[in-house]
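**Student:** To start, I am sharing the structure in question, which I have written as C-alpha cells.
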C-alpha cells in the first residue's frame with residue numbers, strides 16, 4: 001500500500017490529500033524513512049516558521065513510525081508540556097483513525113491520555129513532555145525534540161539556554177534506549193540555542209548528526225539544489241512574500257529564524273550602542289562615497305547593493321548624514337547618483353570605488369563626463385579586505401566619535417554594522433562608510449585616480 005511506504009505517502013493519505021508534498025518535505029520524508037529503518041540515528045532539521053516541519057515530523061511521522069514499530073516507544077518534547085501534549089493528541093487521533101485500518105493496530109482504552117498512550121497488545125506507544133521538565137514512564141526508542149525554543153525572550157536568556165542544554169544532557173538523553181534515534185527539528189533563534197550547541201559539540205568531536213538546513217531563500221550549496229535566491233516553498237511563500245517578511249522583521253531575526261544563520265550580537269567589529277543618533281550635525285568637510293553593485297537584482301541571484309554614504313567631519317567628530325541603498329538597473333542608478341549630487345551640493349567631494357581593469361576605468365570616465373560633470377568627482381581603487389578597511393572607522397565608533405543623523409535608513413545600517421563581518425550577509429553600507437571615513441580622516445585611504453573633471 002502506498003500509504004505505508006513513507007511518511008510522505010502516509011501524510012498525504014491521512015490528511016485526505018490536504019498535506020502538500022513540497023520538495024523540502026519530500027527530502028525530509030526520505031530522512032525520516034532512514035530513521036525508521038535504523039540507518040540514521042541523529043538528525044537535525046533547521047527550517048523557517050510555517051514551512052510544514054512539525055506537521056510532518058510531530059503529527060504524521062510518529063503514527064507511521066509506530067505502525068511499523070508497534071513495540072517501540074516515542075518520546076516527543078517541545079518548549080512547553082501542554083504544547084507537546086497537543087501533538088501527542090494529534091498523533092493519537094491520526095493513529096486511531098488511519099493506523100488501525102492501515103496497520104491493523106489500535107490504542108489501549110485504559111491508556112489514551114494526550115501525553116501518554118499505549119498500543120493494544122504491544123509495548124509501544126507515545127509519551128510527551130516539555131523541554132526542561134521531567135520525562136516520566138518508559139524510555140525512548142525515538143526521541144523527537146520539536147521547537148525547544150518558545151520565543152525571543154527565552155532565546156536571548158543565557159539562563160534559559162543553559163537550562164535547556166542541561167535538560168538535554170541530564171534528562172532527555174538519559175531516557176534513550178540502546179540504539180535509539182534522536183530527531184531535533186527547530187527554527188534557529190540564537191547561536192547558543194540547542195541546535196547551535198549540538199553543532200559546536202560536533203565540531204569538538206562529539207556525536208555526529210546529519211543536518212538538513214533549509215533557509216527560506218536559497219544560499220550557496222543548497223541542500224535541494226535551488227538556485228541562489230529561490231524560495232523554499234514557492235507555492236506557500238513566494239519570493240515577494242519572503243522579501244516583505246525580510247523588510248518587516250529585524251535583520252537579526254531574518255538571519256536566524258528564516259535563513260537559519262543566527263549570529264552573535266556581541267564581539268563583532270561594531271557595537272550598536274556605540275553609534276550616537278542625533279538630529280543634526282556640524283558643518284565641515286564632506287564626502288559622498290559610492291560603492292556600485294555589479295548587477296541589478298534578478299531571480300536566482302542575491303547581488304550586492306549600490307550604496308552611497310554621505311559623511312562629514314568637524315574637529316575629529318564624524319556625522320553619517322545619509323545612506324542611499326538601492327538595487328536597480330544602471331540607468332536608474334545613474335539617475336539616483338546624479339540626484340544625490342545635486343542635493344549634496346558642489347562643495348561635497350564625490351568618490352566612487354573603481355574596479356580593476358579597463359572596464360573600471362571606463363565606468364569612472366563615463367560618470368565623470370556624463371553623470372557628475374562639474375562636481376568634484378574621483379574614482380578610487382580600494383586596497384585590503386573590507387574588515388581591514390573598516391578598522392579605523394570602527395575605532396572612531398567605539399570612541400564615541402561617530403554620529404548618525406536620525407533617519408529611516410538608521411535601522412538597516414545599524415543591523416548591518418552589528419553583524420559585520422561574521423554573518424553571511426551584505427556589508428556594502430559598512431564598507432561605503434569605512435571608505436568615506438578613511439578619505440575624510442586620511443587613514444591611509446585607497447590610491448586615488450582622478451578621472452576627467
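Numbering (this note's numbering), first residue to last: 1 to 453. Think of the CB as a built atom: it goes at the ideal place given N, C-alpha and C, for glycine as much as any other residue.
So residue 347 and residue 286 are in contact, right, with Cβ under 8 Å, and what is the actual spacing, rounded?
**Tutor:** 7 Å
**Student:** Is the beta carbon of residue 184 sitting closer than 8 Å to the one on residue 199?
**Tutor:** no
**Student:** My assumption, with CB atoms under 8 Å, is that residue 284 sits in contact with residue 321. Please give the rounded CB distance.
**Tutor:** Going by Cβ atoms, the distance from residue 284 to residue 321 rounds to 11 Å, so no, they are not a contact pair.
**Student:** Let me know the secondary structure DSSP gives residue 270 once reduced to three states.
**Tutor:** coil
**Student:** Note down the Cα distance separating residue 125 from residue 205, rounded to an integer number of angstroms.
**Tutor:** 34 Å
**Student:** Mind reading off the beta-carbon distance from residue 58 to residue 40? Whole number of angstroms is fine, and I expect it under 8 Å.
**Tutor:** Actually they are not in contact, since the Cβ atoms of residue 58 and residue 40 sit about 17 Å apart, beyond 8 Å.
**Student:** To the nearest angstrom, report how far apart residue 106 and residue 112 are at their CA atoms.
**Tutor:** 10 Å
**Student:** Going by C-alpha distance, which of 427, 401, 33, 414 is nearest residue 385?
**Tutor:** 427
**Student:** With distances taken Cα to Cα, identify the nearest neighbour of residue 143 among 73, 88, 337.
**Tutor:** 73
**Student:** Relative to the alpha-carbon of residue 223, which residue among 28, 438, 351, 433 has its alpha-carbon at the smallest distance?
**Tutor:** 28
**Student:** Is the region 210-227 touching the region 18-32, taking contact as three or more C-beta pairs under 8 Å?
**Tutor:** Using a Cβ-Cβ distance cut-off of 8 Å, the region 210-227 and the region 18-32 are in contact, since at least three pairs of beta carbons, one from each stretch, lie closer than that value.
**Student:** Check the C-beta distance from residue 147 over to residue 186 and give it rounded, since I have them as a contact under 8 Å.
**Tutor:** 5 Å
**Student:** Pick out whichever of 438, 100, 372 has its Cα sitting closest to the Cα of residue 334.
**Tutor:** Taking only the C-alpha atoms, the option nearest residue 334 is 372.
**Student:** Less than 7 Å between C-beta atoms, sequence neighbours within five positions excluded: which residues of the same chain meet that for residue 340?
**Tutor:** 288, 308, 324
**Student:** Quick check on the DSSP output: the alpha helix (DSSP H) that includes residue 388 runs from which residue to which?
**Tutor:** Bounds of the alpha helix (DSSP H) holding residue 388 are 386-398.
**Student:** Determine the burial state of residue 343: buried for a count of at least 16 other Cβ atoms within 10 Å of its Cβ, exposed for fewer.
**Tutor:** exposed
**Student:** Which residue's Cα is closest to the Cα of residue 108: 123, 156, 54, 400?
**Tutor:** 123
**Student:** What three-state label does DSSP hand residue 5 in the structure shown?
**Tutor:** coil
**Student:** When DSSP builds the beta bridges, which residues end up paired with residue 366?
**Tutor:** Answer by DSSP bridge pairing: none, since residue 366 is not bridged.
**Student:** Output the residue ranges of the beta strand (DSSP E) runs that lie fully inside the region 227-295 and measure 3 residues or longer, sorted by chain position.
**Tutor:** The region 227-295 contains, as complete beta strand (DSSP E) runs of 3+ residues, the segments 276-278, 285-291 (chain order).
**Student:** Residue 224 by DSSP, collapsed to three states: which one?
**Tutor:** Residue 224 falls in the coil class under three-state DSSP.
**Student:** What distance in whole Å lies between the Cβ atoms of residue 431 and residue 369, which are believed to be in contact at a cut-off of 8 Å?
**Tutor:** Incorrect: roughly 26 Å between the Cβ atoms, too far for contact.
**Student:** Among residues of its own chain, excluding the 5 on either side of residue 246, which ones have a beta-carbon nearer than 6 Å to its beta-carbon?
**Tutor:** 254
**Student:** Measure the C-alpha to C-alpha separation of residue 190 and residue 121 and round it to an integer number of angstroms.
**Tutor:** Those two C-alpha atoms are separated by around 44 Å.
**Student:** Does the region 51-68 come into contact with the region 85-100, if we say contact requires no fewer than three beta-carbon pairs (one atom in each stretch) closer than 8 Å?
**Tutor:** yes
**Student:** Using C-beta distances below 8 Å, list every residue in its chain close to residue 135, excluding the 5 sequence neighbours before and after it, in chain order.
**Tutor:** 75, 77, 127, 129, 171, 172, 175
**Student:** For a test of the three-state rule: what should DSSP assign to residue 79, helix, strand or coil?
**Tutor:** coil
**Student:** Does residue 159 pass the burial test, meaning 16 or more other C-beta atoms within 10 Å, or should it be called exposed?
**Tutor:** When all chains shown are included, residue 159 counts as exposed.
**Student:** Between the Cα of residue 277 and those of 378, 383, 397, spot the shortest distance and give me the residue it belongs to.
**Tutor:** Nearest option by C-alpha distance: 397.
**Student:** What residues are listed by DSSP as bridge partners for residue 112?
**Tutor:** DSSP lists 117 as partners of residue 112.
**Student:** Bridge partners for residue 371 per DSSP, in chain order?
**Tutor:** Note: residue 371 sits in no beta bridge, so no partner.
**Student:** Would you give the residue range spanned by the alpha helix (DSSP H) that residue 333 belongs to?
**Tutor:** If you look at residue 333, you'll find it in the alpha helix (DSSP H) that goes 330-344.
**Student:** By DSSP, does residue 36 sit in helix, in strand, or in coil?
**Tutor:** Three-state DSSP puts residue 36 in a helix.
**Student:** Does the distance from the CB of residue 193 to the CB of residue 131 come in under 8 Å?
**Tutor:** No, the Cβ-Cβ distance between residue 193 and residue 131 is not below 8 Å.
**Student:** Identify every residue that forms a DSSP beta bridge with residue 420.
**Tutor:** In the DSSP output, where bridge partners are listed per residue, residue 420 has none listed.
**Student:** Do you know whose CA, among 292, 168, 165, 101, lies nearest residue 10's CA?
**Tutor:** Closest by alpha carbon: 101.
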